[in-house]
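This report concerns only the one structure given below.
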Amino acid sequence: MKVLLVPNYSRPDAVDDASRLADWLNGRGVELQWAPDMKLHPNEDVDMDGVDLVVSLGGDGTLLRAARIVEYSEIPMLGLSYGHLGFLTCGGPDDLFEIVQAALVGQMHASHRATLDIEVCFSKPDGSELVERRFALNDLALTRGVKGDMIAFDVAVSGHHIDRLRGDGFVVSTATGSTGYALAAGGPIVTPEFDGMICVPVAPHSIRARAFLTSPTDVVEITMSHERRSERLFFSDGQPMGVGLVGERARIRRGPGDIILLDRSVKSFYRSVSRVFYGDSRP
Numbered sequence: 195m196k197v198l199l200v201p202n203y204s205r206p207d208a209v210d211d212a213s214r215l216a217d218w219l220n221g222r223g224v225e226l227q228w229a230p231d232m233k234l235h236p237n238e239d240v241d242m243d244g245v246d247l248v249v250s251l252g253g254d255g256t257l258l259r260a261a262r263i264v265e266y267s268e269i270p271m272l273g274l275s276y277g278h279l280g281f282l283t284c285g286g287p288d289d290l291f292e293i294v295q296a297a298l299v300g301q302m303h304a305s306h307r308a309t310l311d312i313e314v315c316f317s318k319p320d321g322s323e324l325v326e327r328r329f330a331l332n333d334l335a336l337t338r339g340v341k342g343d344m345i346a347f348d349v350a351v352s353g354h355h356i357d358r359l360r361g362d363g364f365v366v367s368t369a370t371g372s373t374g375y376a377l378a379a380g381g382p383i384v385t386p387e388f389d390g391m392i393c394v395p396v397a398p399h400s401i402r403a404r405a406f407l408t409s410p411t412d413v414v415e416i417t418m419s420h421e422r423r424s425e426r427l428f429f430s431d432g433q434p435m436g437v438g439l440v441g442e443r444a445r446i447r448r449g450p451g452d453i454i455l456l457d458r459s460v461k462s463f464y465r466s467v468s469r470v471f472y473g474d475s476r477p
């Protein structure tokens, strides 16, 4: 058994518990690997060869970082919460060893979460194009630039034109990402069992524009309109894409592999929805 630890290095309590967990796992003959601190080693790759379990210690942002390391490999992931929200995590410091032990012996529920395969085409100053491809667990977000100007773009699904929209942007999310930016933009909360995509206009300048869902096999296409050459930005799971370049079009489809997120039971999602969004504190 080999475990990858992904702590939030900006939280001393998470790093301390990761060290305690490492000692505990070493005592049980488990091979360990640590993900590097991104601030100190931003370009260092993580060797995932032989990794059987990934444990993130932080908040949802740390778990998303762990997901970017795992990508489509379908290595099980376990999230421990040291943040403020902890929607994607399944426990915290108080039950650290109990949860990890349950994961090691296969006693956790495995939630299969659909992912995104994202391609964004950017134009370079010399007139050439650069296509950047990204993995995402949550979403692809198109937003207006730092000047705050409205942007205009066309949205199509699998070759069928939906509309030309004007507004602050557009979010294409998975069911997992439906409780993130997509929710803040007015989209629905969607069960993780849904395999399609959730498409949500952000502050559209139209009363007709509404969120809609796609099938798992659809491809969402976003093409920037030439009628407004406003600055626009693309983000994958909150990480900027094409920094310094001009985004022209994007294609988003379901990823070729799922993220396997370990939690306590099949009811964990709805308990988290109740706790985080409706304020229910009952056990």
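Counting the sequence shown from 1 gives a position; our numbering is that position plus 194. Glycine is no exception: its CB is placed at the ideal position from the N, C-alpha and C atoms.
Q: Spell out the partners DSSP gives M271 in its beta bridges.
A: V248, L455
Q: Could you give the DSSP three-state label for Q295: helix, strand or coil?
A: helix
Q: Just mark S409 as buried or exposed, buried being the case when its beta carbon has 16 or more other beta carbons within 10 Å.
A: exposed
Q) Between the Cα of P319 and the Cα atoms of P450, V440, S459, K196, which residue gives the shortest distance? A) V440
Q. From which residue to which residue does the alpha helix (DSSP H) around L226 run?
A. Element bounds for L226: not the alpha helix (DSSP H) but the beta strand (DSSP E), 225-228.
Q. Based on the DSSP secondary-structure assignment, which residues constitute the bridge partners of M435?
A. F428
Q | Given S367 as reference, the closest of H399, D431, R469 once Cα atoms are compared | A | D431
Q: Sort out for me which residues DSSP pairs G363 with in a bridge.
A: Its beta-bridge partners are T337, V396.
Q. For L198 versus M242, is the C-beta distance shorter than 9 Å?
A. yes
(Q) Tell me which residues share the same chain as E323 and place their Cβ nearer than 8 Å to its Cβ, disregarding the 5 neighbours each side in the sequence. (A) C315, F316, S317, E442
Q. Based on Cα-Cα distance, which residue from P230, L251, N237 lies nearest to P206?
A. Comparing Cα positions, the closest option is L251.
Q) By the 10 Å Cβ neighbour count, where 16 or more other Cβ atoms means buried, how is S481 classified, buried or exposed? A) No answer is possible for residue 481: it lies beyond the span of the chain, which begins at 195 and ends at 477.
Q | Three-way DSSP call (helix, strand, coil) for L258 in this model | A | helix
(Q) With distance defined between alpha-carbon atoms, name the residue in V240, F406, G339 nearest to A229. (A) Closest option to A229, Cα to Cα, is V240.
Q. According to the neighbour-count rule (16 or more other Cβ atoms, all chains shown, within 10 Å of its Cβ), is S267 buried or exposed?
A. Burial state of S267 is exposed, judged by a 10 Å Cβ sphere holding fewer than 16 other Cβ atoms.
Q.
Please state the DSSP three-state secondary structure of T417.
A. strand
Q: Name, in chain order, the residues that DSSP records as bridge partners for G345.
A: Contrary to the premise, residue 345 reads as Ile rather than Gly in this sequence. DSSP lists G361 as the bridge partner or partners of I345.
Q: Measure the alpha-carbon distance for A378 versus I293 and round it to whole angstroms.
A: 31 Å
Q) How far does the alpha helix (DSSP H) with L377 in it reach, from first residue to last? A) Unbroken alpha helix (DSSP H) run through L377: 375-378.
(Q) Just to confirm my understanding: we take M302, look at its own chain, exclude 5 residues before and 5 after, and list those with CB closer than 6 Å. What are they? (A) A296, L456
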